[in-house]
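Here's the structure we're looking at; comments come further down.
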Amino acid sequence: MTTPHAHEDEFIRFADDDGHGPSPGGQSVRVWKILVIDDDDDVHQATRFSLEGVQLFGRPLALLHATSAAQARDLLQDIRDVAVVLLDVVMETPDAGLGLVDHIRTTLQMVETRIVLRTGQPGYAPEHETLLRYDINDYKTKSELTHHKLLTTITTTLRAYQQLCLIEAGRRGLEQIVEASGELLRAAGLQRFASGVITQIAGILGTRPEGIVCAQGQATGGYRVLAAAGQYAHLVDQPVERLQDERVVALLKQVLQSGQSVFTDNASVLFLGERQGDGMAAFVQSDALIEAVDVQLLRVFCTNLTACLNQLLTLQRLHHVAYEDPMLKLPNRTRFIELLAECMAHGCANRALVLVDVDDFAGINDLMGHDYGDGLLQAMATRLAELTGPEVILARVSGNAFGLLGPSDIVDPERVLGFFVTPLQVAGKPQRVSVTLGACLLDDPGIDGVDWLKNASIALKQAKRDRRGRFVRFTPEMAQHARNRTQMLSELHAAFDHNHLYLAFQPQLDLRTGELIGLEALMRWRGQDGRMVPPDRFIPLAEQSGLIVGLGDWGIKTACLTMRELLKQGLAPKRMAVNVSVVQFQTPGFVERVQDALDAAGLRPDQLELEITESVSLLGHGVIETLLERLRAMGVSVAIDDFGTGYSSLSYLERLPLDRIKIDKAFVTQMSAEGGPRIAELIAQLGLKLGLQVLAEGIEDARAWRTLAAMGVHEGQGYHIARPLEMPELVEWLRHRPADPVQYTKE
Ligand code: C2E
Ligand code: CA
Ligand code: CA
11 MTTPHAHEDE
21 FIRFADDDGH
31 GPSPGGQSVR
41 VWKILVIDDD
51 DDVHQATRFS
61 LEGVQLFGRP
71 LALLHATSAA
81 QARDLLQDIR
91 DVAVVLLDVV
101 METPDAGLGL
111 VDHIRTTLQM
121 VETRIVLRTG
131 QPGYAPEHET
141 LLRYDINDYK
151 TKSELTHHKL
161 LTTITTTLRA
171 YQQLCLIEAG
181 RRGLEQIVEA
191 SGELLRAAGL
201 QRFASGVITQ
211 IAGILGTRPE
221 GIVCAQGQAT
231 GGYRVLAAAG
241 QYAHLVDQPV
251 ERLQDERVVA
261 LLKQVLQSGQ
271 SVFTDNASVL
281 FLGERQGDGM
291 AAFVQSDALI
301 EAVDVQLLRV
311 FCTNLTACLN
321 QLLTLQRLHH
331 VAYEDPMLKL
341 PNRTRFIELL
351 AECMAHGCAN
361 RALVLVDVDD
371 FAGINDLMGH
381 DYGDGLLQAM
391 ATRLAELTGP
401 EVILARVSGN
411 AFGLLGPSDI
421 VDPERVLGFF
431 VTPLQVAGKP
441 QRVSVTLGAC
451 LLDDPGIDGV
461 DWLKNASIAL
471 KQAKRDRRGR
481 FVRFTPEMAQ
491 HARNRTQMLS
501 ELHAAFDHNH
511 LYLAFQPQLD
521 LRTGELIGLE
531 ALMRWRGQDG
541 RMVPPDRFIP
551 LAEQSGLIVG
561 LGDWGIKTAC
571 LTMRELLKQG
581 LAPKRMAVNV
591 SVVQFQTPGF
601 VERVQDALDA
611 AGLRPDQLEL
621 EITESVSLLG
631 HGVIETLLER
641 LRAMGVSVAI
651 DDFGTGYSSL
661 SYLERLPLDR
671 IKIDKAFVTQ
681 MSAEGGPRIA
691 ELIAQLGLKL
701 GLQVLAEGIE
711 DARAWRTLAA
721 MGVHEGQGYH
731 IARPLEMPEL
741 VEWLRHRPAD
751 PVQYTKE
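See below:
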């Protein structure tokens, strides 16, 4: 069933032969085309006479005539939707008829057209095999051309033709759907499918593809246009109400709600789906009245499509799971990267990307509960969507960060910060939020989507570090810096795996007696180029990557084993101090691993001290007290490192179960300046008042020693006593160390 051609009318003569094509209503009437091919004029006459005024299956018959195989070929060149061919076997040549059959089936590929052969002489009947090969329906002698017999023949062959057309339409529909399914994993899949439906229905009805497919949106409940063709094309992705024709809107809604297809004089509205209220409605305009046969065809088609649609929707749902944040119903990170890639592919001029990170979201979550946290994110999403508008893509790129992609004058970090000046409304109450932003202009088309997200993340990380509550714009140098860090991190991993890290030990002495009381273990890394990488550089890197956990455990274990070795040699001091990072401190099982390290080296717990920086107080009250108490209960002592440089409140520190504070070397160095000792003294007195041991680091000369000792500081370490020493040097130093403190206090 193909689209009618305008020029074919000149060939068509209606069986009643009054010559009128179009019906009185101005609509063209669908007909069954019957092609009579015979070199005998009488046969044409007789056929016309027999079939005059006949209507079968609701349509009139239209006769086409050709008097030779050659003429028939010409005619078939333009008209393909011939239902039945009545063909004379012997014409110009004895095999002209069979030659034409071959042409129809093989060259023209007209497989649905039914062929009835006729011949004057019974002896010319073709072989049975030939009849089968060319799918020839019937073979009749011309004597059988009575009115009645001919009508019976035409009726049965027409029925067969109709059946074949149905099958063919189904097959073509399926082909389209198979094609559409290939595209499904892209968001466009459903649209493709829907527009395939329009084309297909139009094909069945023999009209131009002109129509729309719509469905009820899962989220909004509104009716949206999924696909549209012809004059409706502009409606794609719009609410169906945008369609000016109220009657059609009403029809579409009626069909979706009732789950029943509707056919009117100039439109078919088909329901595709299994249940009412869930599926698609396809509206296709048609100029002609839709006939019963087409309705039947369309119903078969709908059943086929419904099965496909269900599969498709399942796939779409899977797609959503993979590409959508279920809580906020926003594109997730994966989808955002795709959207970025699409943006880059379409030219990214004046486009910008901003990442919006909620400051201290974890804290708010802990304090107010997760429902509140969810509400906060929801409120943020709403605010961002409202203030940026439809031109901007909003996505959730991580637990507490959003991504904005759009024109650079709208997606501008300064502007976005301004969105949060007014508090949000969360759970009915105003909630102030502080956000930190990382921004970049998509000004290099050579960089792909993922990398832009990386760049914005680099900027965000830097902002989080140095500009909380503000923003940082990405620069290429930042990327270089980040690459260096990544490079360094992978080298650090390798060094750790290959045992290329080692410990150095710095002695700690009693400032009054000069007695050796401890050693501080300090990590050392000699890089691939032989140069030392200072721990101030690689420890923070290890902390950010989580490598510190393994690294730190190794440090504790190795320090304990060294202590065991020194005990064996009779050179060990009272305790070994090991630095512990906050990240490491808060990992589950930390206390147990410390116990394991002690057990493995056969040490008493009081032979180990852990140095923890003040920043542990950021872990939150309760958590840290519990951990420290467990360590103390074991007998391990704890020192607060870099005391005075952190931000913990004194009242809080007072409550912590501690053994020692370490005055940071910065304050000790400062002592030589004008009025310098004041802070060191303050810190020392504070420690003493809290009843703690006080140890000063960074003692670089005798004067510092004397000053600190005079302040009541109990212990010290520094270059004046010894630099951190590698194992052989340490053993050497321990063997020959001066025991007399006078040595250290003399200039
Ligand atoms: P820290 O814990 O404050 O360690 C003392 C730092 O001061 C060491 O630097 C040490 O070499 C240096 N130092 C000692 N005496 C003097 C002196 O008289 N003058 C001067 N100017 N400096 C002195 P180092 O070894 O470079 O370590 C730096 C930081 O790296 C340490 O500071 C510590 O925070 C961290 N770190 C080192 N090893 C480890 C470790 O095993 N685990 C963890 N988590 N951190 C470590
Ligand atoms: Ca330390
Ligand atoms: Ca320090």
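Take 11 as the starting number for the sequence shown in my numbering and just add one per residue.
Every residue gets a Cβ at the ideal spot worked out from N, C-alpha and C, and that includes glycine.
- By the criterion of at least three beta-carbon pairs nearer than 8 Å, the segment 93-102 is in contact with the segment 117-128.
- By the Cβ rule, the segment 445-455 counts as touching the segment 348-367, because three or more pairs are nearer than 8 Å.
- In the same chain as methionine 354, and ignoring 5 residues on each side of it, the C-beta atoms closer than 8 Å to its own belong to Leu452, Pro455, Ile457, Asp458, Gly459 and Trp462, in chain order.
- Scanning the segment 524-608 from its first residue to its last, the whole beta strand (DSSP E) runs of 3-plus residues come out as 526-536 and 585-590.
- Per DSSP, the unbroken alpha helix (DSSP H) holding cysteine 353 starts and ends at 343-355.
- As the crow flies, the alpha-carbon of phenylalanine 59 is around 18 Å from that of threonine 151.
- Assigned with DSSP and collapsed to three states, isoleucine 622 falls in strand.
- At a threshold of 7 Å, asparagine 360 does not count as near ligand 2, since its beta carbon sits no closer than that to any of the ligand's heavy atoms.
- The closest CA to that of aspartate 539, considering only Tyr512, Met498 and Glu553, is found on Met498.
- Rounded to the nearest whole angstrom, the CA to CA distance from serine 205 to threonine 432 is 45 Å.
- For proline 423, the enclosing alpha helix (DSSP H) has its first and last residue at 423-428.
- Closer than 7 Å to some heavy atom of ligand 2: that describes the Cβ of glutamate 621.
- The alpha-carbon separation between glutamate 525 and alanine 582 amounts to approximately 12 Å.
- For lysine 471, the enclosing alpha helix (DSSP H) covers residues 459-476.
- Pairwise C-beta distances place the segment 432-444 out of contact with the segment 333-348, as fewer than three of them are shorter than 8 Å.
- Remark: the C-beta of glutamate 487 is outside contact range of ligand 2, defined as less than 7 Å to any heavy atom.
- Of the candidates Arg257, Pro417, Val246 and Ser278, Ser278 places its Cα closest to the Cα of threonine 217.
- Counting every other CB atom within 10 Å of its CB across the protein chains shown gives serine 153 a total below 16, marking it as exposed.
- Classified as buried, glutamate 621 has 16 or more neighbouring CB atoms from the shown chains inside 10 Å of its CB.
- Judged by DSSP secondary structure, leucine 365 falls within the beta strand (DSSP E) whose first and last residues are 361-368.
- Nearest to leucine 261 by alpha-carbon distance, out of Leu427, Ala225 and Ile650, is Ala225.
- Remark: the C-beta of aspartate 669 is outside contact range of ligand 2, defined as less than 7 Å to any heavy atom.
- Shown here, valine 99 sits in coil according to DSSP, grouped into three states, outside any helix or strand.
- Following the DSSP letters along the chain, one finds alanine 676 inside the alpha helix (DSSP H) bounded by residues 675-680.
- By the Cβ-count criterion, proline 219 is buried, with 16 or more other Cβ atoms from all chains shown falling within 10 Å of its own Cβ.
- In this structure, glutamate 424 has its CB at a distance of at least 7 Å from all heavy atoms of ligand 2.
- Secondary structure note for proline 738: its alpha helix (DSSP H) is the uninterrupted segment 737-746.
- In the DSSP assignment, isoleucine 47 is bridged to Ala76 and Leu97.
- DSSP places valine 235 in the strand class (E or B) of the three-state scheme.
- Between ligand 1 and aspartate 652, a heavy atom-to-CB distance of less than 7 Å is present.
- Positions of the alpha helix (DSSP H) runs, each at least 4 residues long and wholly inside the segment 386-438, are given as 423-428 in order along the chain.
- Relative to ligand 1, the beta carbon of alanine 690 is positioned no closer than 7 Å to any heavy atom.
- A direct Cα-Cα distance of roughly 6 Å separates tyrosine 754 from alanine 712.
- For aspartate 335, DSSP records a beta bridge to Leu340.
- Here glycine 479 is near aspartate 369, since their CB atoms are less than 8 Å apart.
- Annotated as proximal: histidine 724 and aspartate 520, with beta-carbon spacing under 8 Å.
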